[in-house]
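Engineer: Okay, here's the structure, questions in a sec.
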Amino acid sequence: IPNMFKISGELLPCVMHVAARALAGQSLSIFGDHTDVMCCRSTGWAMIASESVEMVQHMALLSHLVSMERRVPVQHFFDGFR
């Protein structure tokens with residue numbers, strides 16, 4: 005997270021794709037969990053969420069275009085279980 009503050013402060017074009025999943029101790033978790041994404045809200049990154057596999061592909065391309073055109077870092081996240 006400290007590097008995210010540095011990247012947003014320098015207005016570097018950067019995209020981070022996050023597959024958000026719940027962490028489990030012993031077995032595989034089937035639940036989506038966005039707490040790791042929500043802790044990065046104050047970093048100054050634009051956040052884009054996807055809700056389907058097709059939307060993930062479209063928003064991934066859109067995230068890169070927005071980041072390069074507007075020079076703002078983008079965090080693209082989606083449910084990692086799909």
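For the sequence shown, the working numbering assigns the number 86 to the last residue and increments by one with no breaks. Ideal placement from N, C-alpha and C gives every residue a C-beta, glycine not left out. In this text, all values refer to a predicted model and were calculated from it rather than measured experimentally.
1) Using only CA atoms, which one of Glu58, Thr39, Val60 and Met72 lies nearest to Pro17?
2) Between the alpha carbons of Met63 and Ile11, how many angstroms are there, rounded?
3) Please state if the CB of Met51 and the CB of Gln79 are separated by a distance shorter than 8 Å.
4) State yes or no: is the C-beta of Phe82 within less than 8 Å of the C-beta of Ser54?
5) Verify whether the separation of the beta carbon atoms of Met8 and Cys43 is less than 8 Å.
6) For Val76, does the three-state DSSP call read helix, strand or coil?
Structural biologist: Reading it off the structure:
1) Taking the sequence shown and counting its residues from 1, the one referred to as residue 17 is at position 13. Distance from the Cα of Pro17 is smallest, within the candidate group Glu58, Thr39, Val60 and Met72, for Met72.
2) For this step, residue 63 is matched to residue 59 along the sequence shown. For this step, residue 11 is matched to residue 7 along the sequence shown. C-alpha separation (whole angstroms): 21 Å.
3) On the sequence shown, residue 79 is found 75 positions in, with the first residue counted as 1. On the sequence shown, residue 51 is found 47 positions in, with the first residue counted as 1. Taking 8 Å as the cut-off, the Cβ atoms of Gln79 and Met51 count as close.
4) Against the sequence shown, residue 82 aligns to sequence position 78. Against the sequence shown, residue 54 aligns to sequence position 50. For Phe82 and Ser54, yes; Cβs fall inside 8 Å.
5) Taking the sequence shown and counting its residues from 1, the one referred to as residue 8 is at position 4. Taking the sequence shown and counting its residues from 1, the one referred to as residue 43 is at position 39. No, the pair does not count as a contact, with Cβ atoms beyond the cut-off.
6) As a first step, residue 76 is located in the sequence shown; it is residue number 72 there, counting from the start. DSSP places Val76 in coil when its eight states are reduced to three.
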